[in-house]
Amino acid sequence: METTRFSLLARVRDPDNSRAWSEFDRIYRPILFRFVLARGVRPGDAEDIVQRCMLTVAQRIGRFAYDPRRGRFRSWLAKLAESRVRDFLRSARHVPAVGEQLDRLPAPDPSPETTFERIWEEEHLRYCLEELRSELDATSYEAFRDYALLERPAAEVCRDFGLQPAQLYKLKWRVTRAIAEKMKDLGC
Amino acid sequence: MLTSACVSEAILDQYHGDELAEDRREAVRRHLEVCSSCAARSAELVRRREGLLGRVRALGLHGVPGDLSPVAMASRPSPRTELARTLAEAGYELVRPITRGGQGTIYEAIQIRTRRRVAIKVLAETQDRTEGARRFNREVEILAQLRHPNIVTVHDSGSSDAGDYFVMDFVDGPRLDAYCRAVQPTVREICTLFRSICAGVAAAHMLGIVHRDLKPANVLIDPEGQPRILDFGLARPTLARPGDDSELTITQPGQFVGTLAWASPEQAESRPADQRTDVYALGVMLYHTLTGCFPYPVNGGTRETLTNICMKLPDAPSSLRRDIGRELDAIVLKCLAKDPARRYADARALEQDLDALLEDRPVSARGESFGYVLLKAMRRHRMASASLVAALLSICGFAVGAVLYSTRLARERHEAEVARALAQEQRARADQHAEELRHTVYYQNIALAQRACDRYQAGQMRSFLDACPPDLRGWEWYRLNWMQDTSIRRVASGDLIDPYRDAWIHTRGAIHGHPIYSADGRHYALRQPEWIDIHSTEDGRVVQKISTSPTIAHWYAFSRDGSELAYSDFGAHTVHIVSIGTQPEVRATLTHGF
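Here is the structure:
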């Protein structure tokens, strides 16, 4: 199965493609924001940092457009965000939270890379699922969600949505495949 | 034969998706029975897809978009999930529970639109749905107006199956008591902290809002070290209502254990609370923060504690901590007076006294003895007082005879004059305070009227405007009044729409835009999610529905003679012209290249 669709990174390179940009923004801004928050920056400052990251991304996105090496953009973005966070934490503007001053028990903090990867995947999955929901008709989506995500018994879902079991399994397979394809398109 | 050929991954995928023709599918099936490597690849594909689904499930239910079907809801009745769903619809994503208490649970959440961190408090008991809900909303509206750097602002509210909820600022910091235990502030730092707390409470008192449940757990210290007061008006029936004696009825023993220690005598006796109740609680908090002790024993049984609150006179804080001065003693004890009339009138007065203490000015709690005022003045102007004292000493020798002669009578006359002057000044200050309050209330009403206007609630808007005292009404009032007036006049005559019952142009529920009128006055158009309704101005009925599916119309306008309506789709790339009348038809569709 070859996808004819250009990857998002390739489409974003075209400065006139505003739809690609808004799609891009919808995926990557929340990732950056959640990551910066998770690194202990307060929301107001986090917005600034994210905004600056997005600007850098806009300037340098061209490099990644046709790069076949998967994950290169992700690790670059993770490094960018982490270095911006470090710059900020070092700067005078950062007032340490009281918690840090009190030296309370620090939560077992996974490495920034692990955090970034987790948020990256979660936001991508969420985005793909939302995309699919807008592409599918409501009944199919709900049947899929009830059966595959909420794990309701197949017999019940079939009864509620008027489907044959074979149709339901087929639906589940196809939607799951579509998610996998979307994730692949996004370079995950 | 096909059975002998190994199948590609794409074919395997189609096989599982049941997308192959009958004979081909059968061939793959037979091949998988005999070819172990293809069977393994097939199993691997299934495993990968299931793994992907598992990761999607791990997002949590609130990560799954879409309303749950009624059946799904019935089979997943967990209140937490329900809550997440309701909040997701309202635009919030739950992150984690922060605290769970008798009153409800506080969650950390993210406002999806702004990606901002907020705290959501879900009240344990759901308010009475009809009358209660209306009052609840109105109170939240007023609370939302309460903006002060020392108060945690309430932004939004709503109802879920788990209970009513409030959305407020997220404050990342410890509670007042935990903070003080860790930081061990000096007396001066404690006074500074409490001055800020009082400033927050005073702002609420200006609006007639009483907290009623002030305690260290309701004060958080934010990362800047500023105190932020939580739960304003949320703890109990919120706004001060005269004659309301429903609060803190100690009928169920143990119910108020957490709060009882901070309760005032009037609360202990189930008498009405007012601003001075908050002053008392601030006094208990100040006492406790300074000395680490309560003003009276509160560890015994409920009854004993209640008796202590009402009867037992506290020791001066300085008896428990050496570095507390007499002024601060006086301030704390004045807050803790059993009789509300003997306390500070409100938090502002307490704030002013703390301010005076911190700046070495006379403190009102000490009373106005001449000697005390002089002492304070001297302490404030040390250099000047030193030379003054020297001069006085030299004069003293000559004056001593005269001073002795003028004795007590003259002094008493002088003190009476001072007292009169002070009383006059206090009256003037009280008048000024009342006037300020009137202005504040006026602007609150204007703000609420503006908001009602934005929400097309002409009836509510009227009541807010009417509440404005005539002598304060400025251009802003007349402007809003004109808009409100127009909105009612614009509404079609007839019984369908009652302008005093929340309606402007109004279709119960969602309102999607301003109505626009045709020049001939026969129709008005109202934008809906996927269509435009053309209403007759005579009776408000919908005479025509123009579909704008799949989007909402961006802008729309009548032609000059009122026979046609033009609208653009949301991307504004296309303009459609539709004729109005018995036979709806699309006259033209223009596509722009912009």
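Residue numbers (this note's numbering), protein chains in the order written: chain A, 1 to 188; chain B, 1001 to 1594. All residues carry an ideal CB built from backbone N, CA and C; glycine is no exception.
If the cut is a Cβ gap below 7 angstroms, which residues of chain A does residue i touch?
i, result
"B/Gly1017", "Lys170, Trp173, Arg174, Arg177"
"B/Arg1413", "Chain A residues near B/Arg1413: none, gap ~56 angstroms exceeds 7 angstroms."
Using a Cβ-Cβ cutoff of less than 7 angstroms, which residues in the same chain neighbour residue i once the five nearest sequence positions on both sides are dropped?
i, result
"A/Leu37", "Pro43, Ala46"
"B/Gly1091", "Gln1111, Ile1112, Arg1113"
"B/Leu1357", "Cys1191, Glu1327, Leu1328, Ile1331, Val1363"
"B/His1288", "Phe1294"
"B/Gly1173", "Leu1220, Ile1221, Asp1222, Pro1223"
"B/Leu1320", "Thr1291, Cys1293"
Report the three-state DSSP secondary structure of residue i (helix, strand or coil).
i, result
"B/Tyr1287", "helix"
"A/Val36", "helix"
"A/Thr56", "helix"
"B/Thr1153", "coil"
"B/Gln998", "Nothing in the structure corresponds to residue 998 of chain B, since chain B is present only between 1001 and 1594."
"B/Val1575", "strand"
"B/Pro1227", "strand"
"B/His1148", "coil"
"B/Pro1097", "strand"
"B/Gly1581", "coil"
"B/Ala1503", "Note that B/Ala1503 has pLDDT 34, beneath the 50 cutoff, so the model's placement of it is unreliable and the number below is only indicative. The answer is coil: DSSP assigns B/Ala1503 none of H, G, I, E or B."
"B/Gly1158", "strand"
"B/Thr1105", "strand"
Could you name the residues of the same chain whose beta carbon sits closer than 6 angstroms to that of residue i, not counting the 5 residues immediately before and after it, in chain order?
i, result
"B/Gln1014", "Leu1020"
"B/Ala1203", "His1148"
"B/Gly1200", "His1148, Asn1150, Ile1151, Ile1229"
"B/Cys1468", "Tyr1442, Asn1445, Trp1477"
"B/Asp951", "One cannot answer for residue 951 of chain B here, as it falls past the ends of chain B, which runs 1001 to 1594."
"B/Tyr1500", "Its pLDDT being 34, under 50, B/Tyr1500 is placed unreliably in this model, and the value from its coordinates should be taken loosely. Excluding positions up to five away in sequence, the list reads Gly1459."
"B/Ala1557", "Ala1566"
"B/Asp1107", "Sequence inspection shows Tyr at residue 1107 of chain B; the Asp mentioned does not correspond to that position. Excluding sequence neighbours, B/Tyr1107 sits near Leu1094, Pro1097, Ile1120."
"B/Arg1490", "Any reading at B/Arg1490 is ruled out, since the residue's pLDDT is 48, under 50, leaving its predicted position unreliable."
"A/Glu142", "none"
"B/Cys1310", "Pro1265, Ala1268"
Starting from residue i, follow the alpha helix (DSSP H) in both directions and report where the run begins and ends.
i, result
"B/Tyr1619", "Nothing about residue 1619 of chain B can be reported from this structure: the residues present for chain B run from 1001 to 1594 only."
"B/Leu1123", "Here B/Leu1123 belongs to no alpha helix (DSSP H); instead the beta strand (DSSP E) covers 1116-1123."
"B/Gln1544", "Where B/Gln1544 is concerned, there is no enclosing alpha helix (DSSP H), although the beta strand (DSSP E) it sits in stretches over 1542-1547."
"A/Phe73", "72-90"
"A/Trp173", "165-185"
"B/Tyr1179", "1176-1183"
"B/Gly1051", "1036-1058"
"A/Trp120", "112-135"
"B/Val1201", "1187-1206"
"B/Cys1310", "1302-1311"
"B/Leu1465", "1458-1466"
"B/Lys1334", "1326-1335"
Quick one: give me the first and last residue of the beta strand (DSSP E) that residue i is part of.
i, result
"B/Glu1564", "1564-1568"
"B/Ala1525", "1523-1527"
"B/Leu1220", "1219-1221"
"B/Phe1166", "1163-1169"
"B/His1535", "1531-1536"
How would you list, in chain order, the residues of chain B whose beta-carbon sits under 7 angstroms from the beta-carbon of residue i?
i, result
"A/Glu122", "Leu1059"
"A/Pro43", "Arg1116, Arg1117"
"A/Leu163", "Under the 7 angstroms cutoff, chain B gives no residues; its nearest Cβ is about 13 angstroms from A/Leu163."
Using C-beta distances below 8 angstroms, list every residue in its chain close to residue i, excluding the 5 sequence neighbours before and after it, in chain order.
i, result
"B/Arg1560", "Ala1519"
"B/Gly1438", "For the sequence presented, residue 1438 of chain B should be read as Arg rather than Gly. If we look at B/Arg1438 and ignore the five residues flanking it on each side, its Cβ neighbours are Pro1469, Leu1472."
"B/Ser1042", "Leu1012, Tyr1015, His1016, Leu1032"
"B/Thr1153", "Ala1144, Leu1146, Arg1147, Met1168, Asp1169"
"B/Phe1464", "Asn1445, Ile1446, Leu1448, Ala1449, Ala1452"
Could you tell me whether the Cβ of residue i comes closer than 8 angstroms to any Cβ of chain E?
i, result
"B/Pro1223", "The question asks about chain E, but that chain is absent: this structure's protein chains are A and B."
For the ligand GDP, is there a heavy atom less than 7 angstroms away from the beta-carbon of residue i?
i, result
"B/Gly1300", "The ligand GDP is not part of this structure, which contains no ligands at all."
Mind listing the chain B neighbours of residue i? Cutoff is C-beta to C-beta under 9 angstroms, in chain order.
i, result
"A/Ala166", "Asp1018"
"A/Arg74", "Here the premise fails: no neighbours, minimum Cβ distance about 16 angstroms."
Counting only Cβ pairs nearer than 8 angstroms, list the residues of chain B close to residue i.
i, result
"A/Ala180", "Arg1048, Arg1049, Leu1052"
When you check each C-beta in the stretch 1149-1179 of chain B against every C-beta of chain A, which residues fall closer than 8 angstroms?
From the stretch 1149-1179 of chain B, only Phe1170, Asp1172, Gly1173, Pro1174, Tyr1179 have a Cβ closer than 8 angstroms to chain A.
Identify each residue in the stretch 3-36 of chain A for which the Cβ-Cβ distance to at least one residue of chain B is less than 9 angstroms, and report them in chain order.
Arg29, Pro30, Phe33, Arg34
Report the residues of the stretch 1042-1059 of chain B with a CB closer than 7 angstroms to any CB of chain A, ordered along the chain.
Arg1049, Leu1052, Leu1053, Arg1055, Val1056, Arg1057, Leu1059
May I ask you to list, following chain order, the residues of the stretch 1084-1115 of chain B that have a beta carbon less than 7 angstroms from some beta carbon of chain A?
Arg1115
Between the stretch 141-159 of chain A and chain B, which residues of the former have CB atoms less than 8 angstroms from a CB of the latter, in chain order?
Under the 8 angstroms Cβ criterion, the stretch 141-159 of chain A contributes Tyr141, Glu142, Arg145, Asp146, Ala148, Leu149, Leu150, Glu151, Arg152, Glu156.
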